[in-house]
Amino acid sequence: MISGPAWFNRLQNRLLTYMAVATLLPLIVLGVVTYQLSVNGLTQQAETLTQELIEERAASVALMATNTERLANRIAQNDAVAELLLRTQQQTELSRIEKLKLQSRIEAELSSMIRANDLLAVEIITDDSIFGVGDVSADGTYDTALFTNWLQQCQQREQVLCWPGIEHNTHIQSPYGLVLPALYSLKEFDEQLVAYQTVGFLILKFSISALYDYTHSQNQDWMYHIIVDHKNRIIYHPSQSKIGQTLALNTAASDDTARFQATLFNASEPLERHLETEITNMGWRTIGVIPQSRLQANARLISQLTIGCIAFSLLLMILAMLYIARRIILPIRTVTEAKPNSESMHPITTQYSIQEINQLVQWFNDYTSIVSNERTQQRELKRAYDTLQQTQKQLIESEKMAALGNLVAGVAHEINTPLGVAITASSMVLEKTELQQRKLTNDELKRSDLEHYLNDGHHALNLTLNNLHRAAQLVQTFKQVAADQHQEHKQELLLQKAISDVFVSLGPQFKRFDVTTHLNCNKSLKITSYPGIVWQVISNLMTNSYKHGFHPKDKGEIRVDVEAAESWVIVTYQDSGQGISPQDLPHIFDPFFTTQRNQGGTGLGLNIVYNLVTQNLGGTIRCDSKLGSGVTFTINLPYIAP
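Quick note: to get the numbering used here, add 1 to the position in the sequence shown (first position is 1).
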């Protein structure tokens, strides 16, 4: 859009808002309402058809269960089966030949029933025998543990004909791996106990494919159905590959009509709407599935038509805006193209026929005068800012060199002591050596003299060596600190060593203070930063503590704790000095703020620390203090400086 003054922008926004509301809002409401009504109508129709489908399938499977129960009664009343049960009740042990004859008789009498009722196999189980008919490919290996599991399930459910659901075949090596068993208790009347006693069990096995052919529906455009057992294992599904899997249903969104949404098998599939009904006397359920994508197909078409209408409305809106642009915006654009942001701004003298545009020209001319004055002031402020930045850099360098000068003086003073001791010890050894040499020349050297000479020499040489090592360590520390102070490039830095070097380097400068230093830092903690800047930050904080927090001969403590956090390295600097008053605490990082102006304080120490931490190291710094309770600086440093 073309930029303009505030009143014109408001007018333009109002026009756009009115046109958008008047044109788009009714279409959007119409599209949303139509889409929702379409989805609701299609959903209601699909639910009605699905409810009819699952009730029909549930009734069909229930009828199969009823016919199976009748078949079980007929088999139980068969003569051969009755004879087997009688032998079992009388506890008559059958010989191998008798078992084979009885098996042959049972097969002959039950084979026609098996074929007529589309059974896979019929098994009769007594206390000591298992008679199987139908599954001729199964060998004698029988999974008694699986049968016991079926029996326990059926005893809990207390049904005449029990359906455990889809299960593995009790004949382990049978090619029919999954079957649908039905258990029927074979009972005989015990005259002594005057009650019916269970003498065996009848197992009728249906194949999975038989039930699939029995209940499969070809019309699956709008919905399909699933049959699951009491453990939610799929007994029937249009896709045979999913038979036997466990169906996970999320019923959290279900309501009183048993409608809910769930995702089957794969979380990436779209949500589907389901209805369910229970199959009588079986513990199974028939679930009708309505794919949401089917319901929303026509609704999407309506949405596309609505979007087309909206696009057409937008086209009309654009044409209207072009008309407005030619009559109103074009003259205003002529005014705005006068480049009010250029370095050389000149008033506009053109007159237009529209009063509002002439008013805009007048405002623009006034604005030109104001901007010219402001630009002059901005140039002056920029020059002052550049001067301030340069001065700040010079002050930082001055502070750095002053700290280095103090360091040199302190180190020189410290080196004098061990060197003096080393010189004294060396002189003593030289004198004693010359004395012993004269005694040796004059044949006056005694064993005791030689022993004293060796003992004194050994002691003097140890003293000399220790003091020379100390001097060398001070020189090495000074060299490292001096090199770090002049390093401007990033490098990997061990914080424990860097802070320890600061403690060692500043020790001679503040030897007159009775202040102990403590450092708590992991030796292996590393950051990638600027060594010289880190040295200057810790050095300035310690110098500030000695100057403002402690008096000579006062006992005190300076403690630095370094902790590795997830995104930062947290450096906590604490001293037990005098602390900072509440009125001074908010201003300690301000430039040139000091409480010791009359004693030569510049007020730049903590300001330099703040700038180095926040600008050069890319971190943050915070100060907490109470008067009389010391001061705490919390510094967060990134693992890699910017």
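Glycine included, every Cβ here is placed at the ideal spot set by N, Cα and C.
Terminal residues of the continuous alpha helix (DSSP H) containing residue i?
i, result
"arginine 623", "Per DSSP, arginine 623 belongs to no alpha helix (DSSP H); it is in the beta strand (DSSP E), 621-626."
"tyrosine 213", "209-216"
"isoleucine 98", "97-117"
"alanine 146", "145-158"
"isoleucine 609", "606-612"
Excluding the 5 residues flanking residue i on each side, which residues of the same chain have their C-beta closer than 7 Å to its C-beta?
i, result
"lysine 491", "Thr529, Ser530, Tyr531 and Ala642"
"aspartate 256", "In this prediction, aspartate 256 has a pLDDT of 40, which is less than 50 and means its spatial position is unreliable; what the coordinates show is noted afterwards. Counting only Cβ-Cβ distances below 7 Å, and skipping sequence neighbours, we find nothing."
"valine 229", "Ile235, Ile236, Leu248, Trp285, Arg286 and Ile288"
"leucine 320", "none"
"asparagine 545", "Gly606 and Leu607"
"glycine 580", "Ser626, Lys627, Leu628, Gly629, Ser630, Gly631 and Val632"
Is residue i near residue j, with beta carbons less than 8 Å apart?
i, j, result
"isoleucine 115", "glutamate 124", "no"
"alanine 122", "glycine 135", "yes"
"glutamine 52", "glycine 289", "yes"
"asparagine 233", "alanine 66", "no"
"isoleucine 98", "valine 82", "no"
"glutamate 56", "threonine 199", "no"
"tyrosine 197", "alanine 77", "no"
"threonine 69", "leucine 162", "yes"
"serine 582", "glutamate 558", "no"
"leucine 187", "phenylalanine 202", "yes"
"isoleucine 204", "isoleucine 126", "yes"
"isoleucine 534", "leucine 520", "no"
"glycine 133", "histidine 231", "no"
Within the continuous beta strand (DSSP E) that includes residue i, where are the two ends?
i, result
"glycine 557", "556-565"
"leucine 494", "492-495"
"valine 134", "131-134"
"histidine 238", "Here histidine 238 belongs to no beta strand (DSSP E), and DSSP marks it neither H nor E."
"tyrosine 225", "225-229"
"glutamate 124", "122-126"
Can you tell which of the options has the C-alpha that lies nearest to the C-alpha of residue i?
i, options, result
"glutamine 174", "Gly166, Tyr143, Ile534 and Val563", "Tyr143"
"lysine 554", "Val516, Val572 and Leu586", "Val516"
"tyrosine 225", "Ala211, Arg71, Leu50 and Tyr368", "Leu50"
"glutamine 584", "Thr596, Arg88 and Ser577", "Thr596"
"leucine 616", "Gly629, Pro639, Asn456 and Pro176", "Sequence check: residue 616 is glutamine here, not leucine. Comparing Cα positions, the closest option is Pro639."
"tyrosine 574", "Asn523, Thr518 and Ala566", "Thr518"
"glycine 309", "Cys624, Asn637, Ile29 and His453", "Ile29"
"glutamate 84", "Lys512, Leu317 and Leu103", "Leu103"
"tyrosine 177", "Gln37, Asn456 and Leu120", "Leu120"
"leucine 466", "Leu181, Leu441 and Thr425", "Thr425"
"leucine 276", "Thr442, Glu48 and Ile589", "Glu48"
"glutamine 37", "Gln356, Glu567 and Thr307", "Thr307"
"alanine 23", "His217, Gln160, Ile311 and Leu389", "Ile311"
"leucine 181", "Ile209, Leu586 and Gln193", "Ile209"
So what's residue i in DSSP terms, helix, strand or just coil?
i, result
"leucine 507", "helix"
"glycine 631", "coil"
"cysteine 522", "coil"
"tyrosine 572", "The question names tyrosine, but residue 572 is valine in the sequence shown. Note: valine 572 maps to strand in three-state DSSP."
"threonine 18", "helix"
"alanine 263", "Because alanine 263 carries a pLDDT of 39, less than 50, the predicted location of this residue cannot be relied on, and no value is offered for it."
"arginine 286", "strand"
"proline 27", "helix"
"threonine 529", "strand"
"glutamine 438", "helix"
"phenylalanine 551", "coil"
"serine 577", "coil"
"glycine 458", "helix"
"tyrosine 368", "helix"
"threonine 49", "helix"
"lysine 512", "coil"
"threonine 307", "helix"
"glutamate 375", "helix"
"alanine 1", "Residue 1 falls outside the range modelled here, since the chain spans only 2 to 643, and no answer is possible."
Looking only at its chain, what residues have a beta carbon closer than 8 Å to the beta carbon of residue i, apart from the 5 residues adjacent to it on each side?
i, result
"valine 503", "Val482, Trp536, Ile539, Ser540 and Met543"
"isoleucine 589", "Ile581, Leu607 and Cys624"
For residue i, which residues in the same chain have their Cβ closer than 6 Å to its Cβ, ignoring the five residues on either side in sequence?
i, result
"valine 430", "Gly458 and Ala461"
"serine 269", "Residue placement at serine 269 is poorly supported in this model, since its pLDDT is 41, which falls under 50; the coordinates are not used for a value here."
"phenylalanine 148", "Thr171"
"alanine 59", "Thr278, Ile280 and Thr287"
"arginine 623", "Thr635"
"glutamine 497", "Cys522 and Lys524"
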